[in-house]
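Take 12 as the starting number for the sequence shown in this note's numbering and just add one per residue. Glycine included, each C-beta is placed from N, C-alpha and C at the ideal position. Quick caveat, the model's predicted, so the values are computed rather than measured.
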Amino acid sequence: MTHTFGFLIHPLEVADVYRKVPAARHFPDRWIEAVMPLAPPIYVSHITGVRSPYGEADGHFVSVALTPRLMTSLPEARVVAKLVQAGRMAAEKGARILGLGAYTAIVGNAGQDLADRLEIGVTTGNSYTAATGVEGAELGAQAMGFSLEEAECAVVGATGSVGRVAALLLARKAKRLRLVGRDLPRLVRLADEVRLATGVEAEPSTDLHGALVASDVVITVSSAVGAIVSPEDLKPGAVVCDIARPRDVSRQVAEARDDVLVIEGGIVEVPGEVDFHFDFGCPPRTCLACMAETMMLALEGRFEDFTLGREYSLELVEETLRLARKHGFRVAALRSFERALSEDEVAEIRRNADRKRRGRVQVAVGAGS
Ligand SMILES: NC(=O)c1ccc[n+]([C@@H]2O[C@H](COP(=O)([O-])OP(=O)(O)OC[C@H]3O[C@@H](n4cnc5c(N)ncnc54)[C@H](OP(=O)(O)O)[C@@H]3O)[C@@H](O)[C@H]2O)c1
């Protein structure tokens, strides 16, 4: 029997609207953003072919015509009402569980308000996203020739729904952990939680640049509407796993830093012959971890509210890892700025990092002599 899910998406920037409505590019962005809140939800595509040895699922993408800027600036009740409309559209198509993409998972108490108003199950997908983010960072570090146990690590956006769990998972593995955000009291509370759960002393920090330049591994998962990680922020040889959508790492890093490994976090291979009938930027047969969490619940026939709110338990994370293993979801090969990374490219990054570190040592020795 095929079980059906829905998944909410939205344009990450006004330019995404041009792809769907080419005539929109003739108008200023602020005009487009002024009319977007008036648009009804848009049915995008039928997702077919999700199949594991234990079940089959299909799904429906429904888009809400709101950018991250609109979702954070409009009254929250109005945004949630739009999401409810979109969720009902998915339910009318047969969805019995709804996943929330990008900012649709952030507003309305991280999915809770939406779940309270819909008759079908809802999940933000953040449990599996956090788990795959840490796994991606670990794979990145391995590719660069070191382990998390010997690495200074940082989580940016640590007090968020994904960031908190990424921090709890990373604390058990990292040599040292910095928790980075903008609100110090919340970061201190999180550091207390990390200590209680793991015995590890994590360091709260609101100094983004200072924390980044000291870190070998960074998981960045803030809800900033624009890039917050710049070329000058990163240590030579650093691994940055960017889970945020829109991305936290500036594109300039790709041009200016050939000695750091920036990987797209939270991209997952889907079991079966999945066809999304829509290009949302992932390679064929892969999707974002939040979509994968929705799919695995559909494959299981678990039409229940799952990951909701900002403080869900690690048991949910364990459960998604178990379901991922059972159904055959796995973290995809390393990608950087929408491109697959070859082993040769990673080796080149390692060589560039070594050269840069040697250069720094020579400058330091020269300055000291
Ligand atoms: N790849 C995937 O499958 C996937 C899945 C789910 C979510 N995501 C993405 O992950 C990101 C976070 O989602 P979430 O649900 O965890 O959001 P969230 O609960 O709102 O948390 C975001 C965190 O970012 C911090 N933050 C915001 N602006 C910041 C800035 N300029 N500098 C530093 N920290 C900042 C916020 O803390 P303060 O306000 O206190 O600073 C907050 O703790 C979003 O971009 C979302 O689209 C991706």
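Extent of the continuous beta strand (DSSP E) to which residue i belongs
i: P183; result: The sequence shown places Arg at residue 183, rather than the Pro named in the question. From DSSP, R183 is part of no beta strand (DSSP E); its letter is neither H nor E.
i: E280; result: I278 to E280
i: A343; result: Taken as a continuous stretch (DSSP letters only), A343 belongs to no beta strand (DSSP E), as it is neither H nor E.
Residue i (DSSP reduced to helix, strand or coil)
i: H220; result: helix
i: L245; result: coil
i: V271; result: coil
i: R258; result: coil
i: P215; result: strand
i: H288; result: coil
i: E24; result: coil
i: V32; result: coil
i: V264; result: helix
i: V145; result: helix
i: A162; result: coil
i: L352; result: coil
i: G151; result: helix
i: G370; result: helix
Bridge partners - residue i, DSSP secondary structure assignment
i: H14; result: A68
i: V173; result: For V173, which the question treats as bridged, DSSP gives no partner whatsoever.
i: D253; result: T231 and E275
i: R361; result: Answer by DSSP bridge pairing: none, since R361 is not bridged.
i: G168; result: DSSP lists no partner for G168.
i: L188; result: C164
Cβ-Cβ distance between residue i and residue j below 7 Å
i: T59; j: T305; result: no
i: N120; j: V173; result: no
i: A141; j: V176; result: yes
i: S234; j: I117; result: yes
i: C252; j: G144; result: yes
i: V90; j: M100; result: no
i: A202; j: E280; result: no
i: V357; j: A154; result: yes
i: H21; j: V73; result: no
i: L272; j: I360; result: yes
i: V228; j: V250; result: yes
i: I131; j: A102; result: yes
i: V55; j: V285; result: no
i: T318; j: L332; result: no
i: V232; j: A255; result: yes
i: A35; j: V28; result: yes
i: G277; j: L245; result: no
i: Q263; j: P247; result: no
i: E182; j: A169; result: At residue 182 the sequence reads Ala, which differs from the Glu that was named. No, these two residues do not count as a Cβ contact at 7 Å.
Segment limits, alpha helix (DSSP H) that includes residue i
i: V199; result: L195 to T209
i: I43; result: D40 to V46
is_contact[residue i, chain D] using C-beta, thresh 7 Å
i: V95; result: Among the chains in the structure shown there is no chain D, since it carries only a single protein chain.
Could you give the uninterrupted runs of the alpha helix (DSSP H) lying entirely in the stretch 52–140, keeping only those of 4 residues or more?
DSSP runs (the alpha helix (DSSP H)) wholly in the stretch 52–140: 79–84, 87–103, 118–121 and 123–128.
Which runs of the alpha helix (DSSP H) at least 4 residues long sit entirely within the stretch 291–331? Give them in chain order.
Within the stretch 291–331, the complete alpha helix (DSSP H) segments of 4 residues or longer fall at 300–311, listed in chain order.
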